[in-house]
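Below is one structure, written out as structure tokens; the observations come after it.
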Amino acid sequence: MNITSPIVIYLGRTRNEQVDQLRSGAGQILEDIEEVMKLVRSSAGENGEKRVFLPVVAVYSPM
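Reading the sequence shown from the start, the letters are residues -4 to 58 in the numbering used here.
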């Protein structure tokens, strides 16, 4: 298993309601993070690695 540098997703200023939706597994932020994960998965398959540990961190500023 390979370990790579983390990917940091900056969400900008975010309302508490949006963060609550994310924690419950719904909302626009979740869709944005899923889109990033799709890009990561597609690029991870290019180098032929089978197992890669890739930390993803989402950062936001409260409104």
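Just so it is clear, CB atoms sit at the ideal spot from N, CA and C, and this is done for glycine as well.
What you are looking at is a predicted structure, and each value in this text was computed from that prediction instead of being measured.
When DSSP labels each residue in this structure, what does R8 get in the three-state scheme?
strand
Give the secondary structure of P56 by DSSP, where H, G and I count as helix, E and B as strand, and everything else as coil.
A small fix is needed here, since residue 56 is Ser in this sequence, not Pro. Correct three-state label for S56: strand.
One or two residues paired with V3 in a DSSP bridge:
V52
Report buried or exposed for L17, applying the criterion of at least 16 other Cβ atoms within 10 angstroms of its Cβ.
buried
Using the Cα positions of I24 and S0, report the straight-line distance between them to the nearest angstrom.
22 Å
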